[in-house]
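Novice: Line by line, the protein sequences are chains A and B.
According to the working numbering, the first sequence is numbered sequentially starting from 1.
According to the working numbering, the second sequence is numbered sequentially starting from 1001.
Beta carbons are placed, not taken as given, at the ideal position from N, Cα and C, and that holds for glycine.
No experiment lies behind these values; they were computed from the predicted model shown.
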Amino acid sequence: MGEAAGTYRKLRLLDGAGQGRAIARMAREIVEAEGGTDGFVLIGIRTRGVPLARRLAAEIERTERVRIPVGLLDITLYRDDLSTVAASPVLKKTEIPFPVEGRTVVLCDDVIYTGRTVRAAMDAILDFGRPRKILLAVLVDRGRRELPIEAQFVGKRVATSATEIVSVTFRETDGVDDVWLLDREASAKAARRALRPAARKSPKRRSKK
Amino acid sequence: MTTKRSETPEPAVPRPPTFSRKDLLDIESITEDDIRLVLDTAESMREINQRSIKKVPALRGKLVANLFFENSTRTRFSFEIAERRLSADSIALSATGSSVAKGETLLDTGRNLMAMAPDAIVIRHQRSGAPHLLARHLPCAIVNAGDGAHAHPTQALLDAFTIRRAKGSLAGLRVAICGDVSHSRVARSNVSLLTKMGAGVTLFGPATLLPVEIERTGARVVTRVEEAVEGADVVMILRVQKERGGGLGFPSDKEYFELFGLTPARRRLAKKDAIVMHPGPMNRGVEIDSAVADGPDSVILDQVENGVAVRMAVLYLLIGASGDE
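Dropping the structure here:
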């Protein structure tokens, strides 16, 4: 959890307006790919997949006048690194108040990185029933996958190094819509000289991937 | 870096809380934060118990040994179900048909078991302090499933969970605990937990079934059952523990029922929306009237249902993560 300290803002990937445009485009792509709004549901992976799922649902409702069911999924109990983390991560509630059987599930998360979170989420979804299909929507695809998993709907693609962190914030959870690429101070000493000196403040709260 | 998904939670929680102890031995040794963490985690576990597939892989590859030296149906089943729902492997050892019957000491049984590397041992024992003995000598997590007349922490946690679900919170509630107090580890753990969390506890027991120095528990002690029940938000009835000599403290079951049993008339002294609890197994017609036990205010079966979720939470918090990063 110590990554927040010792990092600096390297590059803004999306500002608030850019984030809104990306989500609007993803919403259109989902409706287009599904040939309408029938039979699909959105499930957000806690924590920041949830605001993404809600924004996508709101966008689809605005353009299509259809309300898409939104579920919340906590994947903690399905993690493959439970036995290597030092403390039991805090569980939050999973709320999927609709059957997934036979439907198309669009999983939503803020960032895809190794793919392990999505693997865990798929296992969890399959315990709720047998969806017709599972698709994946992410605001940022930062590459560096460790599992053969790909997102069908992507807000922004960016190639990253292992020391970098993608910080996605939403108004609902963090007070501001923003997407930044952060890097660790120590690992970036050389690179820093080449960058503008202004871009060096640590933001307050973010998700780190 | 093992965190693929960092768990920076919603604002205002600086660090994820963790359970403060290696073991769950009694309520006295854990903190209010621990209690809250167990109850909050149990809410998530409860949701799993309502799915069609009631199983998650959280404790895959973990081994839990259940040592029940004393009869138990509810608690043992509850732990076994909790272990299975979290995908832990579990083995059971009962006092009969094992080396215990051949005269092995508790500590030797524990050490031998430890050689087979369990991650947790759930123990019920007729002697107070037996789980503490194992906890001092064994590196794995020890969960007390009831030791003599001392403590039954998971029962107190599931009772608190049941009360919190029914009443919203524990602080400020008036809880009456009535019956065979002196033989009841349930009473002891409940008084400890409820007072810790800010509820007011009133204890009633027939004079012959009250332990000495009961005032030290921090509960108000009254001499008539009506006095305890009056105005209560929660009425918890204890079982007369005949196997521990509880039956010797009064002349007959009928007399106990007449003088102290929770009848519909006595129930009406409590608040209108009060809930009625009993840790089971019930002696109907002794400490509780069937009309009350099966009545609309009874949460006795909710207690059993919630027991699984609470024990899942305890096991997950104790052994869900290795802690040796």
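Please go through the same chain and pick out, in chain order, the residues whose beta-carbon is closer than 7 Å to the beta-carbon of A/GLY18, but skip the five residues on each side of it.
Specialist: If we look at A/GLY18 and ignore the five residues flanking it on each side, it has no Cβ neighbours.
Novice: Out of curiosity, what's the CA-to-CA distance linking B/GLY1129 and B/ARG1188?
Specialist: So the two alpha carbons sit approximately 14 Å from each other.
Novice: If you follow the alpha helix (DSSP H) that B/TYR1316 is in, where does it begin and where does it stop?
Specialist: Counting along the chain, the alpha helix (DSSP H) containing B/TYR1316 begins and ends at 1300–1319.
Novice: Using a Cβ-Cβ distance under 7 Å, would B/PRO1206 count as near chain A?
Specialist: No - not a single Cβ of chain A is within 7 Å of the one on B/PRO1206.
Novice: According to DSSP, is A/GLY49 helix, strand or coil?
Specialist: Correct three-state label for A/GLY49: helix.
Novice: Would you say B/ILE1053 faces chain A, with C-beta separation under 7 Å as the test?
Specialist: Yes, because at least one Cβ of chain A sits closer than 7 Å to the Cβ of B/ILE1053.
Novice: Nearest chain A C-beta to B/SER1044 closer than 7 Å, yes or no?
Specialist: Chain A contact via Cβ: present.
Novice: Quick check on this structure: which residue in A/LYS92, A/VAL158, A/ASP141 and A/ALA58 has the alpha carbon closest to the alpha carbon of A/GLN152?
Specialist: When each option's Cα is compared against that of A/GLN152, the closest is A/ASP141.
Novice: Exposed or buried, what is A/GLU150 when buried is set at 16 or more other beta-carbons lying within 10 Å of its beta-carbon?
Specialist: That one is exposed.
Novice: Please report the distance separating the alpha-carbon of B/ASP1289 from that of B/THR1263.
Specialist: Cα to Cα, B/ASP1289 sits roughly 5 Å from B/THR1263.
Novice: Could you check what DSSP says for A/VAL31 in three-state terms: helix, strand or coil?
Specialist: Helix, per DSSP.
Novice: Whose Cβ in chain A lies nearer than 8 Å to the Cβ of B/ALA1141?
Specialist: Within chain A, no residue comes near B/ALA1141; the closest Cβ sits about 12 Å away, beyond 8 Å.
Novice: Going by the CB atoms, is the gap between A/ALA121 and A/LEU135 shorter than 7 Å?
Specialist: No, Cβ-Cβ distance for A/LEU135 and A/ALA121 is not below 7 Å.
Novice: Between B/ARG1220 and B/SER1298, what straight-line distance do the alpha-carbon atoms span, to the nearest angstrom?
Specialist: Spanning the two alpha carbons is a distance of roughly 24 Å.
Novice: Can you say whether B/ILE1091 is buried or exposed, counting buried as having 16 or more other CB atoms within 10 angstroms of its CB?
Specialist: Classification for B/ILE1091: exposed.
Novice: So what does DSSP say about B/PHE1204, is it helix, strand or coil?
Specialist: Note: B/PHE1204 maps to strand in three-state DSSP.
Novice: Considering just the uninterrupted stretch of the beta strand (DSSP E) at A/ILE210, what are its terminal residues?
Specialist: This structure cannot speak to residue 210 of chain A, because chain A is shown only from 1 to 209.
Novice: Compare the C-alpha of A/PRO97 against each of B/GLU1047, B/LEU1024, B/ASP1034 and B/ALA1065 and name the closest.
Specialist: Checked all of B/GLU1047, B/LEU1024, B/ASP1034 and B/ALA1065; the closest Cα to A/PRO97 is B/GLU1047.
Novice: By how many angstroms is the C-alpha of B/ASP1233 removed from the C-alpha of B/PRO1296?
Specialist: Taking the straight line from one Cα to the other gives about 15 Å.
Novice: Please classify A/GLY49 as buried or exposed, where buried requires at least 16 neighbouring CB atoms within 10 angstroms.
Specialist: It is buried - the Cβ of A/GLY49 has at least 16 other Cβ atoms within 10 Å.
Novice: If you reduce the DSSP assignment to three classes, tell me which class A/TYR78 lands in.
Specialist: Helix.
Novice: With DSSP run on the structure shown, which of helix, strand or coil describes A/ARG60?
Specialist: The sequence given here places Ile at residue 60 of chain A; Arg does not occur at that position. Residue state, collapsed to three classes: helix.
Novice: With a threshold of 7 Å between beta-carbons, can B/THR1041 be considered close to chain A, or not?
Specialist: Yes, B/THR1041 lies at the interface with chain A (some Cβ there is under 7 Å from its Cβ).
Novice: Can you list the residues of chain B that A/SER234 reaches, using a CB-CB cut of under 7 Å?
Specialist: Nothing can be reported for residue 234 of chain A: it is not among the residues displayed for chain A, which extend from 1 to 209.
Novice: Under 7 Å, Cβ to Cβ, is there at least one residue of chain A near B/PRO1057?
Specialist: Cβ-Cβ to chain A under 7 Å: yes for B/PRO1057.
Novice: Chain A beta carbons: is any one of them nearer than 7 Å to that of B/GLU1047?
Specialist: Yes, B/GLU1047 lies at the interface with chain A (some Cβ there is under 7 Å from its Cβ).
Novice: Output the distance between the C-alpha atoms of B/THR1202 and B/GLU1104, rounded to the nearest integer angstrom.
Specialist: Approximately 42 Å between the Cα atoms of the pair.
Novice: Buried or exposed: which applies to B/PHE1326, given that a residue is buried once 16 or more other Cβ atoms fall within 10 Å of its Cβ?
Specialist: Chain B is shown only over 1001 to 1325; residue 1326 of chain B falls outside these bounds and no answer can be derived.
Novice: Take every Cβ of the stretch 1166–1182 of chain B, pair it with every Cβ of the stretch 1124–1141 of chain B, and state whether three or more of those distances are shorter than 8 Å.
Specialist: Too few Cβ pairs lie closer than 8 Å, so no.
Novice: Going along the chain, which residues of its own chain have a beta-carbon closer than 6 Å to the beta-carbon of B/MET1114, five neighbours each way excluded?
Specialist: Closer than 6 Å at the Cβ level, and outside the excluded window around B/MET1114, lie LEU1138.
Novice: What's the gap between the Cα of B/ILE1035 and the Cα of A/ARG25?
Specialist: Each residue's alpha carbon lies about 46 Å from the other.
Novice: Go to B/PHE1019, then tell me how far its alpha helix (DSSP H) extends in each direction, as first and last residue.
Specialist: First-last for B/PHE1019: undefined, no H or E at that position.
Novice: Using beta carbons (cut-off 7 Å, strictly below), is B/ALA1321 in contact with chain A?
Specialist: Cβ-Cβ to chain A under 7 Å: yes for B/ALA1321.
Novice: Interface residues of chain B around A/LEU82 at Cβ under 7 Å?
Specialist: Neighbours of A/LEU82 on chain B, chain order: ALA1058, GLY1320 and ALA1321.
Novice: So A/LYS156 contacts chain B; which residues on that side make the cut at Cβ distance below 8 Å?
Specialist: Going along chain B, no residue has its Cβ under 8 Å from A/LYS156, so there is no contact; the nearest lies around 19 Å.
Novice: Starting from the C-beta of B/PHE1079, find all residues in its chain whose C-beta is less than 7 Å away, skip the five residues before and the five after it, and write them out in chain order.
Specialist: Once the five neighbours on either side are set aside, the close Cβ partners of B/PHE1079 are ASN1066, VAL1122, ALA1145 and ARG1311.
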